[in-house]
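Okay, structure first, notes after.
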Amino acid sequence: MKKLSARRRHPLAALVVLLLALAATGGLYAAFAPAGEAQADNSAQSLAIEEGRQLYDVGCSSCHGSNGQGGSDGPSLVGVGAASVDFQVATGRMPLQQPGPQAPAKPAVYTQAEIDQLAAFIASLGPGPAVPDPDVYDPAQGDVARGGELFRSNCSQCHNFTGEGGALTHGKEAPNLYNVEPRHIYEAMLTGPQNMPSFPDTTLTEQDKRDIIAWLDEVNTSDSAQPGGFALGGYGPVGEGLFAWTIGIGALIAVAVWIGARSTKARKS
Amino acid sequence: MTSHDEPEPQHGAAGEHLPEHRSDGALTPADDPFADPGLPPHEHRRQDIDERAAKRSERTVALLFTVSILATIGFIASYVAIPIDRIVYIWPFGHVSGLNFSLGLTLGLALFCIGAGAVHWARTLMSDVETPDERHPIEATPEVRAHVFAEFRKGAAESQIGRRKLVRNTMLGAVAVVPLAGVVLLRDLGPLPHDKLRHTKWKAGSLIINESTMQPLRPEDITVGSLTQAMPEGMSPHDEDFHVEIAKAAVMLVRLQPDDIKDAKSAEWGHEGILCYSKICTHIGCPATLYEQQTHHALCPCHQSTFDLSDGARVLFGPAGHALPQLRITVNDDGFLEARGDFDEPPGPSFWERG
Amino acid sequence: MSTATDAPKPAEAPRRGSKAPAGERVADWADGRLGIYGLAKANMRKIFPDHWSFLLGEICLYSFIIIILTGVYLTLFFVPSMAEVEYHGSFKPMQGIMMTEAYASALDINFDVRGGLLVRQIHHWAALIFVVGLFCHMFRVFFTGAFRKPREINWLFGFLLLVLAIFTGLTGYSLPDDGLSGIGIRFMEGAILAVPIVGTYLQMFIFGGEFPGHDIIPRFFVAHVLLLPGIMLGLVVAHLILVFYHKHTQFAGPGRTNTNVVGMPLLPVYIAKAGGFFFLVFGVIAAIAATVTINPIWVMGPYRPDQVSTDAQPDWYLGFSEGLVRMMPGLEWVIPGGYTLNFGLLVPLAVFPGLLVVIGAYPFFESWGNRDPREHHIADRPRNAPTRTAFGMAWLTAFGVTMLAGGNDVWAINFNLSINAITWFCRIGFFVLPPIAFIITRRICLGLQRRDREKVLHGRETGVIKRLPHGEFIEVHEPLPQETLHTLTAHDQLTPYEIGPETDENGVRRKVGPLERARARVSRGYYGEHGQIPKPSREEYKEITSGHEHH
Chain A
34 MKKLSARRRH PLAALVVLLL ALAATGGLYA AFAPAGEAQA DNSAQSLAIE EGRQLYDVGC
94 SSCHGSNGQG GSDGPSLVGV GAASVDFQVA TGRMPLQQPG PQAPAKPAVY TQAEIDQLAA
154 FIASLGPGPA VPDPDVYDPA QGDVARGGEL FRSNCSQCHN FTGEGGALTH GKEAPNLYNV
214 EPRHIYEAML TGPQNMPSFP DTTLTEQDKR DIIAWLDEVN TSDSAQPGGF ALGGYGPVGE
274 GLFAWTIGIG ALIAVAVWIG ARSTKARKS
Chain B
29 MTSHDEPEPQ HGAAGEHLPE HRSDGALTPA DDPFADPGLP PHEHRRQDID ERAAKRSERT
89 VALLFTVSIL ATIGFIASYV AIPIDRIVYI WPFGHVSGLN FSLGLTLGLA LFCIGAGAVH
149 WARTLMSDVE TPDERHPIEA TPEVRAHVFA EFRKGAAESQ IGRRKLVRNT MLGAVAVVPL
209 AGVVLLRDLG PLPHDKLRHT KWKAGSLIIN ESTMQPLRPE DITVGSLTQA MPEGMSPHDE
269 DFHVEIAKAA VMLVRLQPDD IKDAKSAEWG HEGILCYSKI CTHIGCPATL YEQQTHHALC
329 PCHQSTFDLS DGARVLFGPA GHALPQLRIT VNDDGFLEAR GDFDEPPGPS FWERG
Chain C
387 MSTATDAPKP AEAPRRGSKA PAGERVADWA DGRLGIYGLA KANMRKIFPD HWSFLLGEIC
447 LYSFIIIILT GVYLTLFFVP SMAEVEYHGS FKPMQGIMMT EAYASALDIN FDVRGGLLVR
507 QIHHWAALIF VVGLFCHMFR VFFTGAFRKP REINWLFGFL LLVLAIFTGL TGYSLPDDGL
567 SGIGIRFMEG AILAVPIVGT YLQMFIFGGE FPGHDIIPRF FVAHVLLLPG IMLGLVVAHL
627 ILVFYHKHTQ FAGPGRTNTN VVGMPLLPVY IAKAGGFFFL VFGVIAAIAA TVTINPIWVM
687 GPYRPDQVST DAQPDWYLGF SEGLVRMMPG LEWVIPGGYT LNFGLLVPLA VFPGLLVVIG
747 AYPFFESWGN RDPREHHIAD RPRNAPTRTA FGMAWLTAFG VTMLAGGNDV WAINFNLSIN
807 AITWFCRIGF FVLPPIAFII TRRICLGLQR RDREKVLHGR ETGVIKRLPH GEFIEVHEPL
867 PQETLHTLTA HDQLTPYEIG PETDENGVRR KVGPLERARA RVSRGYYGEH GQIPKPSREE
927 YKEITSGHEH H
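Chains as they are written, first to last, in the numbering used here: chain A, 34 to 302; chain B, 29 to 383; chain C, 387 to 937.
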């Protein structure tokens, strides 16, 4: 203790106290921060019902109505089609955990078998786009260059040149398309989930969509080449500016401090 | 330490608010507890007194220079050996170009080691005795000043510029006028604006071409909630003036439930809920095509101007000053959508004569 | 033809013989034509003070040199043409796409020229770091008052370099004609169109017709590689000559006065340190370019006026102008006669140079306020100039708010915020936060001055508690060494400038203009009782230290 009090006046004492305080605040925040994800998983496990209708009654009807007719909390599902269900439920957007600007993607609550049952039930309510065959969205059969051009015409305004995502009004966002399954990208274009406009086959053909998927497969997956090196999130000049202001100038100032510092004196060594 | 008194401020009365200058060194610490004790004596480094330490420094510096040589050899080897299209995975950077990575790091190392060697040499082996260098006042002495002014007056008088006003005035006039030649030469930088900004490729009867399929659009192609990028017929990306024309003529088509359209004129200008808007933002001209199909907002990604497409594209947020122009459309006898004419106001950013 | 041996040796220069070492002979040859010995005598052992912050300017100089070197290399391959071609280079995802020759050649630099990608990335990273360095250097000079007489002109040179660097960067950003480049050019077109009366004419003349036309990239190329860097090079040389002429400022310390400069000589120490620093800067930037992507133009695609991407920002040094535009609410007037004023652009375009000019003109404001005609070579500690420091922090706060607004979409998506909320925060913050920063900074500075005063008068608190024989506990204060006492009291303290009595000795009213009154008020703000804490006087110190002895 005596040692501690003697160092209380040390020039670095304030810094040490500050660091300790920051660490404590961070720890407290981590302890008290809401942990909602776990509960969703629990409720998922409790829903082990096989039939789509039953699944729907339990998991969906409170917002979308007992027969999918919609209500004040959720839109009508009549005619949205199986593709829409597959996209919304398999990407975890539905069921919605809490109201917000938009439903975020999260780990899926239902198994693929359950999703298929739900999709079959919704598809029975009215005609709508079906879940596409794997051939339709196979990136290997798409033209990357043409897909890039179509992407820049139709998609990049919201999702950014390489599909890193972008902000929309009032807290909504176009999500990052990094490593998103080609099937889900296809379904999203086809059905236009939430605020995303749809791109029906009449305006963007099957081949067009496949080309777009091929482009995304080329530029925005964990295997995509980034010839220049670490991509800084792909957000463009903002990330680059932050890097220049932190690591870039930081490294140079560290070098400058070394050059400007007094060399070690014999007395001290 | 020699003391140097600062030159007295020349501006007499203006100097009253200035502090007395310190007479450094003139007073002993007994008189002035804050007196300048002068430069502290030089302290030796290890290298100054211990030849073994100096040898170690010498070896470190030589090692750094040697590493630099090796890195340059590595640079040349990488250039020769690594194909330009080789992509390699390097944690944590990702799948990067092997050539760029190795060329950059070897070059960086080669340069860094030269610098590090030189600085280490300077810090440990070169003398680190701090010495003062006297400053001299920048202002000239009064004698020099007087001399300069006298010479200048003499020169000016000899030129007779003050006496012969005609020479002076015509010279000034000539020098002032001659740059006009250069200004005139700039005239052909570009054409005059005339009404170029007011007209686009759209005219009555133009089919509306889907940019993705390059096919004319029919009303049934456009579903509620969809977004279609389009341009007038008769344009191809191979055209000489394609960019100039598309910069004005680009449009987007959306379809709303007729009940959702709040602006009656807007509904009338559309076709069964299909609305065709210029997508060039009225603020500075980015395509404002971030369409939210549930809110019917179109956002511009450049400065977040937000337009309500269900209400005549009026501005909801952001720096844009007026609504996106709407193109009047109808269906022709073959069942294709077509324009009923050009925009009735200039699309794109505002300009002075826009009105 | 006579030989050197035939010529009579000048008696006054016996050293200039043919037997001198080769190096000396070359030097003699040059001296006979250039007079280099005179220059060398004055400068070879010129003294430079050691401090890391004095090297910030060197970061700028070296990154400027790196930019020129790499830029020359890039011009060997870049084709500044807007002719449309179909791409058939090595980069698969662009095969067959229509693009300008400029973009196609930029792709070739990345994928068909070995090392081209590296050089391009070094060029761009060096450009970003150059302007970062300019900012850091400028604010080092600002906060230490190193812009004061006699260095005001050099401050202006530096300021002009910053402005030119911003525009050189902008033209360079536009050259590759990728998606982001084109959006930048489109912004410029919109901005030019917004200019009242002559906007459309200017636009037609600059672009050679309607946007985008076929001329803007060749024209920007000339500005980027010749015109702007040419001017900058001249200014850099002038800036350096003045640095040599004025000699460097230094921080107060024992033996360091206003009439000397203490440090180490150019030859050999600073040749090695500064020369070495060039290689260090180049090395660090090359390593960054090897590992971190900058401006991946290959995924952005060629520019088309009907295509856009979110996250469309300029490079960081124009982030503040971008932010000003994003913050501005929409406002447009059609004035009588049918003319449009687009305030959504005009206001930010007026504030943008205004912000720069405020900081660029500050030295003249300060010297107008303090009427101090002396030369200043001792750098201020920021705390000892509270009002200036507070002004600088207020400016940086305003700048920071605009930068925040300039990246509002990126913050929104990364921190799950609403762009509208961020924009509103910035709109209000731009006016509210700088005054708050001003007040807080000034108080902190004054607090630090008080602490210095306490330290000088009462010594350093050691944290050691001593119990006196009669039971009293005291904390032992250690008196400061002479060096520290001097350093902490070496700064000047001006007294406020007084207008003087309203009437002269004969009772006649003097004429005091409003400008003069404002000047006195400014001076009071800087040097009045709320502007600085009086530093301890000798008498105070003596009284207190003698008191201690009685304890």
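Ideal Cβ positions, reconstructed from N, Cα and C, are used throughout, including at glycine.
Check                                                                                                              : Outcome
Meets three-Cβ-pair contact criterion under 8 Å: the stretch 536-546 of chain C and the stretch 156-167 of chain A : no
Three-pair Cβ contact test at 8 Å for the stretch 763-774 of chain C versus the stretch 561-572 of chain C         : no
Alpha-carbon to alpha-carbon, LEU460(C) and ILE495(C)                                                              : 8 Å
Residue burial classification, THR783(C) (beta-carbon count within 10 angstroms, cutoff 16)                        : buried
Three-state secondary structure assigned by DSSP to LYS231(B)                                                      : coil
Among GLY662(C), TYR656(C) and GLY911(C), the one whose alpha carbon lies nearest that of THR881(C)                : GLY911(C)
Cutoff 6 Å; reference THR327(C); Cβ partners in own chain excluding five residues on either side                   : Residue 327(C) is absent from the model: chain C starts at 387 and stops at 937.
Buried versus exposed call for GLN102(A) [16 or more other C-beta atoms within 10 Å across all chains shown]       : exposed
Anticipated Cβ contact below 8 Å, THR726(C) with PRO221(B), distance rounded                                       : Going by Cβ atoms, the distance from THR726(C) to PRO221(B) rounds to 14 Å, so no, they are not a contact pair.
GLN78(A) to MET127(A) span [Cα, whole Å]                                                                           : Its pLDDT being 35, under 50, GLN78(A) is placed unreliably in this model, and the value from its coordinates should be taken loosely. The alpha-carbon atoms of GLN78(A) and MET127(A) are separated by roughly 15 Å.
Whole-number beta carbon distance between VAL517(C) and ILE552(C), since they are thought to touch under 8 Å       : 7 Å
Expected contact under 8 Å - CB spacing of TYR559(C) and ASP697(C) to nearest Å                                    : TYR559(C) to ASP697(C), Cβ: 15 Å. No contact.
Candidates ILE885(C), LEU790(C) and LYS897(C), of which the one nearest SER909(C) by Cα                            : ILE885(C)
Any chain C beta carbon closer than 9 Å to ILE166(B)                                                               : yes
When LEU704(C), THR635(C) and PRO536(C) are compared against GLY793(C), the one with the closest alpha-carbon      : LEU704(C)
Identity of the residues DSSP links to THR100(B) by a beta bridge                                                  : The partner list for THR100(B) (beta bridge, DSSP) is empty, contrary to what the question assumes.
Neighbourhood of ILE312(B) by C-beta, 6 Å cutoff - its chain only, sequence neighbours within 5 removed            : PRO377
Outcome for GLN125(B) when other beta-carbon atoms lying within 10 angstroms are tallied against a minimum of 16   : The displayed chain sequence assigns Ser, not Gln, to residue 125(B). Buried, because 16 or more other Cβ atoms sit within 10 Å of the Cβ of SER125(B).
Min CB distance PRO260(B) to chain A below 9 Å                                                                     : no
For LYS193(B) and ALA185(B), the rounded distance between their alpha carbons                                      : 13 Å
C-alpha distance - ALA41(B) paired with GLU915(C), whole-angstrom precision                                        : Residue confidence is low: ALA41(B) scores 44 on pLDDT, short of 50, so the model does not pin down where it sits. Its coordinate-derived value is still stated next. Answer to the nearest angstrom: the Cα atoms are 22 Å apart.
Inter-residue spacing [alpha-carbon to alpha-carbon] between HIS123(B) and TYR117(B)                               : 4 Å
Delimiting residues of the alpha helix (DSSP H) encompassing PHE335(B)                                             : No alpha helix (DSSP H) holds PHE335(B); the beta strand (DSSP E) holding it covers 334-336.
Under 9 Å between C-beta atoms of TYR219(A) and THR254(A)                                                          : no
Proximal chain A residues relative to PHE663(C), where beta-carbon distance stays under 8 Å                        : VAL288, ALA289 and ILE292
9 Å Cβ cutoff, GLU487(C) in contact with chain A                                                                   : no
Beta-carbon gap between VAL206(B) and ILE236(B) smaller than 9 Å                                                   : no
GLN190(A): contacting residues in chain B (beta-carbon distance under 7 Å)                                         : PRO315, THR317, LEU318 and PRO329
Within chain C, partners of HIS203(A) - CB distance below 7 Å                                                      : SER804 and ASN806
Length of the line joining the Cα atoms of ARG368(B) and LYS290(B)                                                 : 22 Å
Beta-carbon proximity of MET713(C) to PHE729(C), cut-off 9 Å                                                       : no
Bounding residues of the alpha helix (DSSP H) (the contiguous stretch that carries GLU575(C))                      : 565-579
DSSP three-state assignment for VAL359(B), whether helix, strand or coil                                           : strand
HIS123(B): first and last residue of the uninterrupted beta strand (DSSP E) it sits in                             : 122-125
Nearest candidate by alpha-carbon position, reference LEU550(C), set TYR927(C), VAL499(C), TYR689(C) and ILE617(C) : ILE617(C)
C-beta neighbour in chain A for PHE129(B), strict 9 Å                                                              : yes
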